Every structure is written in C-alpha cells, then in structure tokens.
Amino acid sequence: MSAQARVDPLRTFRFKIYFGDATPVALVSKMSALKMSTEVVNWREGGDTNIQRNLPGKSKYEPVTFEQGLVVDNTAFDEWMETLNKLGTDNIGTESFRKDLKVEVEDIDGATSLTYELYSCWPTEYQALPDLDANGNAVGLRTLKVTCEGWKVS
Numbered sequence: 057m058s059a060q061a062r063v064d065p066l067r068t069f070r071f072k073i074y075f076g077d078a079t080p081v082a083l084v085s086k087m088s089a090l091k092m093s094t095e096v097v098n099w100r101e102g103g104d105t106n107i108q109r110n111l112p113g114k115s116k117y118e119p120v121t122f123e124q125g126l127v128v129d130n131t132a133f134d135e136w137m138e139t140l141n142k143l144g145t146d147n148i149g150t151e152s153f154r155k156d157l158k159v160e161v162e163d164i165d166g167a168t169s170l171t172y173e174l175y176s177c178w179p180t181e182y183q184a185l186p187d188l189d190a191n192g193n194a195v196g197l198r199t200l201k202v203t204c205e206g207w208k209v210s
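Counting in my numbering, the sequence shown runs from 57 upward without gaps.
Take a look at the structure:
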C-alpha cells in the first residue's frame, strides 16, 4: 500500500499586503481574519407549515484591521487616510479613496501559495500613534481598519 503525500496547512506568518499597486506595504506585521456572513431568511410553505425552509439573504463582509510597525519613512496608512479628510482644503473627498487590496499568503519558502483580492476598500479607523510610555518597552504599531465590499480567492 502506498503512502499518501503529507500536506501541511499554510503557516500564517508569511504574507504580503498590497494597497492597489505593485509594491507591498512595508512592515505590516498583522492582519485580522477575512470574514463574511450571510443572513438566513426563514419561510414556510402554506401547505406544509411544520417544516421551516431557509434561503440565503444579504451577505456582510467584516472590516479588516492591519498593524504596521511605526517607522519614519513609511506613510502608506497616513496617505490613504488623508484622502478621506483633507483638512483645511475645499477638495474633501474628490480623490478616489477606494482601493482594491491584495493579500498574498506565502509558503515556508516564500513562494506565493494563496492570493485574496479585496474590493472597494476604504479606511474607517486609523490609529497613527500608539500609547507612548517612557517606562515601557513596547514596539510602536499603527493600526488601520478598512471596510470592503467583497473579496475572492484568485
């Protein structure tokens, strides 16, 4: 009897995030799960009221949160958030603030194994600077929460 080849699940510590262009966003250290839920619509037939039937209703995509190491020259999160709110100008909202994002999950050798595309994303919450504590020893992280209108594996 021949043995089946063992297939291990992908590790989740090797990934790249792209914000609408060909260059990955640097120092993204964490991304929340991609999550979708669909409402259940219940109904009963007139002649068979003992059995409840179910149909799919509206689908909802949960927001995705990214964490990035705090460094001086990386302003990708700041620039995207600024397209929503141009303080002191008359052109608030004139730039396209929606972006299609791409998430590449890599195998242990660094080769892309799985790619997800997230559609029409835009930032809903941004923490530009973490709590600062002169007595602490923490690494500085920015967080960006985005909402999207859908995603698919490609």
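Built from N, CA and C at the ideal position, the CB exists for glycine as well. Values in this document were obtained by computation on a predicted structure and should not be read as measured data.
DSSP three-state label for Phe69, please. As a working note, residue 69 is residue 13 in the sequence shown. In this structure, Phe69 counts as coil in the three-state DSSP scheme.
Taking the straight line between their C-alpha atoms, what separation do you get for Leu252 and Leu174? Any answer about residue 252 is impossible in this case: the structure gives the chain only from 57 up to 210.
Start-to-end residues for the beta strand (DSSP E) that takes in Asp104: Position 48 of the sequence shown holds residue 104. Segment 104 to 117, the beta strand (DSSP E) holding Asp104.
State the DSSP-derived secondary structure class of Asp129, mapped to helix, strand or coil. In the sequence shown, residue 129 corresponds to position 73, counting from 1. Here Asp129 sits in coil by DSSP.
Does the distance from the CB of Phe71 to the CB of Lys155 come in under 8 angstroms? For this step, residue 71 is matched to residue 15 along the sequence shown. For this step, residue 155 is matched to residue 99 along the sequence shown. No, these two residues do not count as a Cβ contact at 8 angstroms.
For Arg198, count neighbouring Cβ atoms within 10 angstroms of its own Cβ and tell me buried if that reaches 16, exposed if not. If you number the sequence shown from 1, residue 198 lands on position 142. So Arg198 counts as buried.
In whole angstroms, what separates the C-alpha of Asp187 from that of Arg62? Locating residue 187 in the sequence shown gives position 131, where the first residue counts as 1. Locating residue 62 in the sequence shown gives position 6, where the first residue counts as 1. If you take the alpha carbons of Asp187 and Arg62, they lie about 45 angstroms apart.
So Thr44 and Lys158 are in contact, right, with Cβ under 8 angstroms, and what is the actual spacing, rounded? Residue 44 falls outside the range modelled here, since the chain spans only 57 to 210, and no answer is possible.
Is it buried or exposed for Phe69, if we count other Cβ within 10 angstroms and need 16 for buried? Numbered from its first residue, the sequence shown carries residue 69 at position 13. Exposed, by the Cβ-count rule.
Pop quiz: Met92 and Lys116 are said to be a contact at Cβ under 8 angstroms. What is the actual Cβ separation, rounded to whole angstroms? For the purposes of this step, residue 92 is taken as the residue at position 36 of the sequence shown. For the purposes of this step, residue 116 is taken as the residue at position 60 of the sequence shown. Correct: roughly 7 angstroms between the Cβ atoms.
Between the Cα of Thr180 and the Cα atoms of Ala190, Lys114, Trp136, which residue gives the shortest distance? Here residue 180 corresponds to residue number 124 of the sequence shown, with the count starting at 1. That would be Trp136, whose Cα lies nearest to the Cα of Thr180.
In three-state terms, what does DSSP make of Asp189? Numbered from its first residue, the sequence shown carries residue 189 at position 133. It is coil, neither helix nor strand.
Using DSSP with H/G/I as helix, E/B as strand and the rest coil, what is Asp77? By 1-based counting over the sequence shown, the position of residue 77 is 21. Correct three-state label for Asp77: coil.
Please state whether DSSP places Glu138 in a helix, a strand or coil. Counting from one through the sequence shown, the residue named residue 138 turns up at place 82. Three-state result, Glu138: helix.
Among Asn110, Trp178, Val84, Asn141, which has the Cα closest to the Cα of Gly196? Your numbering for residue 196 matches position 140 in the sequence shown. If we check each option's Cα against that of Gly196, Val84 comes out closest.
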